[in-house]
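S.K.: Quick one: structure below, then a few questions.
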Amino acid sequence: MPEQSRSVSERLARLDTAILCDVFDEFGWSPPALDSSIQLTTTTDGPVVGFAYTIEGQLTHGEGPDRSKLKAVDETPDGCIAVWSGVNAHGICLFGDLLAAKMQANGCRGAVVDGGFRDRRAIGEMGFPVYARYTSPVQSVGRWRVTRVGEAVVLPSSLGGLLTIHPGDWIVADQDGVVALPRDRAAEVLDRAEAIMSDEAEARRLAAEGLSTQQMLERFGHV
334 MPEQSRSVSE RLARLDTAIL CDVFDEFGWS PPALDSSIQL TTTTDGPVVG
384 FAYTIEGQLT HGEGPDRSKL KAVDETPDGC IAVWSGVNAH GICLFGDLLA
434 AKMQANGCRG AVVDGGFRDR RAIGEMGFPV YARYTSPVQS VGRWRVTRVG
484 EAVVLPSSLG GLLTIHPGDW IVADQDGVVA LPRDRAAEVL DRAEAIMSDE
534 AEARRLAAEG LSTQQMLERF GHV
């Protein structure tokens, strides 16, 4: 990962998705959070941050292994979060523990899945975070195949409709959900989010000393 991107990743890892969404609201932009159906399904100690590596597929009949999917997994880049756009997938897994192990070995930091996966216990024991719509023991071989890699994909948005994620956008995921931060807005959002985080730390300290929520609003502009 380039040094500049590493710096952005480290700064994002000190924030949370709630603050990032608040910044978007403050700027008058729609918060880029994914639908709440995409939930953390394995354990993680803190925020998961990486750039988006996009993989999209479709329900379709096909004989034999999905070599496009295997190639996409083999080429997973260091420092990424794999964003799987299942499109019309339902009731099947898009990947399991063997593919997750390869992604992790390549330096992938986790996966966001608009669809399902399997082998949750084994993947959890690896310490590989997965945010997904569901789990399923049913494989995708012969039912769903990768059609595009490294192109813009759409996933359901928290506010309805679809959210477009471009390769290289920043993915930040924690216990509250998943945010896809457009790369061209990262610097502006980061600066403001860090200022809010500092204000909130001060507000918590003053609240413990008796500051009311009304006083917080007057002093910091939000609660």
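If you're matching positions, the sequence shown starts at 334 in our numbering and goes up one per residue.
Ideal Cβ positions, reconstructed from N, Cα and C, are used throughout, including at glycine.
1) Please state the DSSP three-state secondary structure of residue 432.
2) Excluding the five sequence neighbours on either side, which residues of its own chain have a C-beta within less than 7 Å of the C-beta of residue 375, listed in chain order?
3) Helix or strand or just coil, what does DSSP make of residue 347?
4) Hey, residue 442 and residue 412 are a contact pair by Cβ (cut 8 Å); roughly how many whole angstroms apart?
5) Comparing C-alpha positions only, which one of 351, 345, 410 and 416 sits nearest to residue 487?
6) With a threshold of 16 other CB atoms inside 10 Å of the CB of residue 379, please say whether the residue is buried or exposed.
7) Please give the ranges of any beta strand (DSSP E) in the segment 478 to 531, keeping only runs that are unbroken, at least 3 residues long and fully inside the region.
8) I'd like to know whether the C-beta atoms of residue 496 and residue 344 end up nearer to each other than 8 Å.
9) Looking only at its chain, what residues have a beta carbon closer than 7 Å to the beta carbon of residue 424, apart from the 5 residues adjacent to it on each side?
10) May I have the straight-line CA-CA distance separating residue 370 from residue 485, to the nearest angstrom?
11) Using the three-state DSSP reduction, which class does residue 420 fall into: helix, strand or coil?
M.R.: Let's see:
1) For the purposes of this step, residue 432 is taken as the residue at position 99 of the sequence shown. It is helical.
2) Reading the sequence shown from its first residue, position 42 is the one you call residue 375. 453, 456, 457, 461, 462 and 463, listed in sequence order.
3) Along the sequence shown, read from residue 1 onward, the residue named residue 347 stands at position 14. Correct three-state label for residue 347: coil.
4) In the sequence shown, counting from the first residue as 1, residue 442 sits at position 109. In the sequence shown, counting from the first residue as 1, residue 412 sits at position 79. Right, the Cβ-Cβ distance comes to about 7 Å (below 8 Å), so this counts as a contact.
5) Counted from its first residue, the sequence shown places residue 487 at position 154. It is 416.
6) Position 46 of the sequence shown, counted from the first residue, corresponds to residue 379. Residue 379 should be labelled exposed.
7) 486 to 489, 495 to 498, 503 to 507 and 510 to 514
8) As a working note, residue 496 is residue 163 in the sequence shown. As a working note, residue 344 is residue 11 in the sequence shown. Cβ distance not < 8 Å, so residue 496 and residue 344 don't count as in contact.
9) By 1-based counting over the sequence shown, the position of residue 424 is 91. The residues are 469 and 471.
10) Position 37 of the sequence shown holds residue 370. Position 152 of the sequence shown holds residue 485. For residue 370 and residue 485, the gap between their C-alpha atoms comes out near 21 Å.
11) Working through the sequence shown from its first residue, we reach residue 420 at position 87. Here residue 420 sits in coil by DSSP.
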